[in-house]
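Peer 1: Sending over a structure as structure tokens; questions will come in a sec.
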């Protein structure tokens, strides 16, 4: 057998292993749907049953005591923070931080008062573009500290389970057309829906062999004087690796490996909390005017992260399955 034949056999063997790896993960420990917990768990129970195994769940009755659940409506928000200037992501199509053509395009970051944003969301003012408060830099505490008394600064049982406080507490509010494209984060995420509902598509890290990445020129949307948007390249920037598949309408001819992925679909409603484990791929939609708060706890860069990096390297090396 010549050198090239040996290489081909080796690559085929690796591809077979990568196809079987997600199947074994589903058989061994993954759930076919996202389970519900009817009350918040103890710290030890949560670590053993959910954080350690890296499995998502939806927790009910976890933040019933938050004043935000009864207070956060447009009238209250106008009174409490209406004059505050906040960062709002604005796009022509609702897709921020997403692939557009051959570019990875980030939103226009617009500074506007909270009242002006509510005018757009409530339909009192017509404006070109889709608006979404999604700045992920602990914007609740940094931009809207007046609202922090209505929520907890952290989730006590999660902080105890992980032995640390969250790195960021983020506030989310936007239009129904605002969509978060498929990606993963290096955080343990507790996502709390205060009003409305969020629709998640989830894929476990073990499905990484079926999820394609490509490199894209980074760019940003910019509003022109006539009210339309243009895409402006970020000069001298490294190309960005991003997932080109839209799970709502995947192009299986172009990305045939994705047909082997088995996404989980779940809806998180007002008063419910989603535990979204680190490294899980997720795509998010929402009802119009949905309000949420999430807590990002930095993940442990332990053996699970090490294994995922190996899986990612192998998937990238062998190409489509």
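In UniProt numbering, the protein residues as written are 1 to 321. Built from N, CA and C at the ideal position, the CB exists for glycine as well. From a predicted model like this one, the values you see are computed outputs, not experimental measurements.
Is residue 261 closer than 7 Å to residue 314 when the C-beta atoms are compared?
Peer 2: Here residue 314 corresponds to residue number 314 of the chain shown, with the count starting at 1. Here residue 261 corresponds to residue number 261 of the chain shown, with the count starting at 1. No; because the gap between Cβ atoms is not below 7 Å, this pair is not in contact.
Peer 1: With burial defined as no fewer than 16 other Cβ atoms inside 10 Å of the residue's Cβ, what is the status of residue 36: buried or exposed?
Peer 2: The sequence position of residue 36 within the chain shown is 36, counting from 1. That one is exposed.
Peer 1: Hey, is the region 146-160 in contact with the region 71-86, meaning 3+ C-beta pairs nearer than 8 Å?
Peer 2: The answer is yes - the region 71-86 touches the region 146-160, with three or more Cβ pairs under 8 Å.
Peer 1: What residue does the beta strand (DSSP E) around residue 317 start on, and which one ends it?
Peer 2: Here residue 317 corresponds to residue number 317 of the chain shown, with the count starting at 1. That residue, residue 317, is in no beta strand (DSSP E); its alpha helix (DSSP H) goes 303-318.
Peer 1: Which value, in whole angstroms, describes the spacing of the CA atoms of residue 301 and residue 99?
Peer 2: The residue given as residue 301 occupies position 301 in the chain shown. The residue given as residue 99 occupies position 99 in the chain shown. For residue 301 and residue 99, the distance between alpha carbons rounds to 28 Å.
Peer 1: What would DSSP say about residue 59, mapped onto helix, strand or coil?
Peer 2: Counting from 1 along the chain shown, the entry for residue 59 is found at position 59. Residue state, collapsed to three classes: strand.
Peer 1: Please confirm if the region 56-70 is in contact with the region 178-188, defined as three or more CB-CB distances below 8 Å between the two stretches.
Peer 2: Verdict: no, contact absent.
Peer 1: Considering just the uninterrupted stretch of the alpha helix (DSSP H) at residue 121, what are its terminal residues?
Peer 2: For this step, residue 121 is matched to residue 121 along the chain shown. Residue 121 -> alpha helix (DSSP H) spans 114-121.
Peer 1: Just checking my contact of residue 219 with residue 60 at CB under 8 Å: how many whole Å lie between their CB atoms?
Peer 2: Translated into the one-based positions of the chain shown, residue 219 becomes position 219. Translated into the one-based positions of the chain shown, residue 60 becomes position 60. No, residue 219 and residue 60 are not in contact; Cβ-Cβ is about 41 Å, not under 8 Å.
Peer 1: So, using beta-carbon positions, are residue 25 and residue 40 closer together than 7 Å?
Peer 2: Along the chain shown, one-based indexing puts residue 25 at 25. Along the chain shown, one-based indexing puts residue 40 at 40. Cβ distance not < 7 Å, so residue 25 and residue 40 don't count as in contact.
Peer 1: Within its chain, find whatever has a CB closer than 8 Å to the CB of residue 175; leave out the 5 residues flanking it on each side and keep chain order.
Peer 2: Working through the chain shown from its first residue, we reach residue 175 at position 175. Closer than 8 Å at Cβ, skipping near neighbours: 94, 120, 121, 130, 131, 132, 288, 289.
Peer 1: When you compare only the Cα positions, how much space is there between residue 330 and residue 143?
Peer 2: No statement about residue 330 is possible, as the shown extent of the chain runs from 1 to 321 and does not include it.
Peer 1: Using beta carbons (cut-off 7 Å, strictly below), is residue 138 in contact with chain C?
Peer 2: The structure shown contains no chain C; it holds only a single protein chain.
Peer 1: Out of curiosity, what's the CA-to-CA distance linking residue 224 and residue 151?
Peer 2: Looking up residue 224 in the chain shown gives position 224. Looking up residue 151 in the chain shown gives position 151. Approximately 38 Å, taken between the alpha carbons.
Peer 1: Is residue 51 helix, strand or coil by DSSP?
Peer 2: By one-based count along the chain shown, residue 51 stands at place 51. Helix at residue 51.
Peer 1: Should the region 227-236 be regarded as contacting the region 303-317, the criterion being three or more beta carbon pairs within less than 8 Å?
Peer 2: Result no; under three Cβ-Cβ pairs closer than 8 Å.
Peer 1: Looking only at C-alpha atoms, which of 199, 206, 64, 280 sits nearest to residue 27?
Peer 2: On the chain shown, residue 27 is found 27 positions in, with the first residue counted as 1. Measuring from the Cα of residue 27, the nearest candidate turns out to be 206.
Peer 1: What does DSSP give as the partner residues of residue 294 in its beta bridges?
Peer 2: For this step, residue 294 is matched to residue 294 along the chain shown. BP columns for residue 294 point to 170, 191.
Peer 1: Ignore the nearest five residues each way along the sequence and tell me which others in residue 117's own chain have a CB closer than 8 Å to its CB.
Peer 2: Sequence index remark: in the chain shown, residue 117 carries index 117 (1-based). The residues are 86, 88, 131, 133, 173.
Peer 1: Determine, using beta carbons only, whether residue 193 and residue 268 come nearer to each other than 7 Å.
Peer 2: Along the chain shown, one-based indexing puts residue 193 at 193. Along the chain shown, one-based indexing puts residue 268 at 268. Their beta carbons are under 7 Å apart, which means residue 193 touches residue 268 by this criterion.
Peer 1: Quick one: which unbroken alpha helix (DSSP H) runs of 4-plus residues sit fully inside the region 202-232? Chain order, please.
Peer 2: Whole alpha helix (DSSP H) segments, 4+ residues: zero.
Peer 1: Give me whichever residues DSSP pairs with residue 110 in a beta bridge.
Peer 2: As a working mapping, residue 110 is identified with position 110 in the chain shown. Note: residue 110 sits in a beta bridge opposite 88.
Peer 1: Expressed to the nearest angstrom, what Euclidean distance is found between the alpha-carbon atoms of residue 191 and residue 229?
Peer 2: Taking the first residue of the chain shown as 1, we reach residue 191 at position 191. Taking the first residue of the chain shown as 1, we reach residue 229 at position 229. About 31 Å.
Peer 1: How far does the alpha helix (DSSP H) with residue 76 in it extend, from its first residue to its last?
Peer 2: Counted from its first residue, the chain shown places residue 76 at position 76. Start and end: 74-81.
Peer 1: Check for me: the alpha helix (DSSP H) holding residue 141 runs from which residue to which?
Peer 2: As a working note, residue 141 is residue 141 in the chain shown. Counting along the chain, the alpha helix (DSSP H) containing residue 141 begins and ends at 139-143.
Peer 1: With a CB to CB cut of under 8 Å and the five nearest residues on each side skipped, what residues in its chain are close to residue 212?
Peer 2: Translated into the one-based positions of the chain shown, residue 212 becomes position 212. Answer for residue 212: 243, 244, 245, 255, 257, 258, 320, listed in chain order.
Peer 1: Please go through the same chain and pick out, in chain order, the residues whose beta-carbon is closer than 7 Å to the beta-carbon of residue 165, but skip the five residues on each side of it.
Peer 2: Sequence index remark: in the chain shown, residue 165 carries index 165 (1-based). Excluding residues within five positions, the ones whose Cβ falls inside 7 Å are 154, 159.
Peer 1: In whole angstroms, give me the CA-to-CA distance for residue 10 and residue 226.
Peer 2: On the chain shown, position 10 is the one that residue 10 refers to. On the chain shown, position 226 is the one that residue 226 refers to. Going by the C-alpha atoms only, they are around 57 Å apart.
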